[in-house]
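Chemist: Residue numbers (my numbering): 13 to 137. Sharing a structure with you now.
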């Protein structure tokens, strides 16, 4: 009876040994019931693990987005402080052209508004 089990996974040796010792129909039925219960148990565990894996991936994605948002905010602050530092240096060295600065700021704000509106339009599509 064990001839069909040649080449199977060595970790199944205890199981295959039990299959080889089946002598009657009742023992075979009992063994098959046990195997079916074991398969169902493993299938349930697999389903639970799949669910846990999905939840972990979703949680990781949320954390990654949160981290990315924090990083963007940090870069924004870095840019702001770098700009502020350069303005203070220019002001202290009396090389600051206030009129030109105001013109650039208005242009920058308009570009940022346009970019934001464009992003929202693309997200809706």
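The beta-carbon is built from N, C-alpha and C at its ideal position, and this holds for glycine as well.
In this structure, does DSSP put residue 36 in helix, strand or coil?
Modeler: Along the chain shown, read from residue 1 onward, the residue named residue 36 stands at position 24. It is coil, neither helix nor strand.
Chemist: What is the rounded straight-line gap between the Cα of residue 59 and the Cα of residue 67?
Modeler: As a position in the chain shown, residue 59 is number 47, starting the count at 1. As a position in the chain shown, residue 67 is number 55, starting the count at 1. So the alpha carbons of these two residues sit roughly 12 Å apart.
Chemist: Return the Cβ separation of residue 114 and residue 108 in integer angstroms, given the expectation that the two are a contact with Cβ distance under 8 Å.
Modeler: Translated into positions along the chain shown, residue 114 becomes position 102. Translated into positions along the chain shown, residue 108 becomes position 96. Going by Cβ atoms, the distance from residue 114 to residue 108 rounds to 11 Å, so no, they are not a contact pair.
Chemist: Between residue 93 and residue 126, what straight-line distance do the alpha-carbon atoms span, to the nearest angstrom?
Modeler: For the purposes of this step, residue 93 is taken as residue 81 along the chain shown, with counting starting at 1. For the purposes of this step, residue 126 is taken as residue 114 along the chain shown, with counting starting at 1. In a straight line, the C-alpha of residue 93 is about 23 Å away from that of residue 126.
Chemist: In three-state terms, what does DSSP make of residue 7?
Modeler: Because the chain here runs from 13 to 137, residue 7 falls outside it and cannot be looked at.
Chemist: How many angstroms separate the CA atom of residue 72 from the CA atom of residue 56?
Modeler: Translated into the one-based positions of the chain shown, residue 72 becomes position 60. Translated into the one-based positions of the chain shown, residue 56 becomes position 44. Taking the straight line joining both Cα atoms gives about 24 Å.
Chemist: Between the alpha carbons of residue 70 and residue 81, how many angstroms are there, rounded?
Modeler: Sequence index remark: in the chain shown, residue 70 carries index 58 (1-based). Sequence index remark: in the chain shown, residue 81 carries index 69 (1-based). Each residue's Cα considered, the two are about 17 Å apart.
Chemist: Could you tell me the distance, in whole angstroms, from the CA atom of residue 65 to the CA atom of residue 53?
Modeler: The residue you call residue 65 lines up with position 53 of the chain shown. The residue you call residue 53 lines up with position 41 of the chain shown. Near 18 Å, if we compare the C-alpha coordinates of residue 53 and residue 65.
Chemist: From what residue to what residue does the alpha helix (DSSP H) around residue 134 run?
Modeler: Locating residue 134 in the chain shown gives position 122, where the first residue counts as 1. Residues 110-136.
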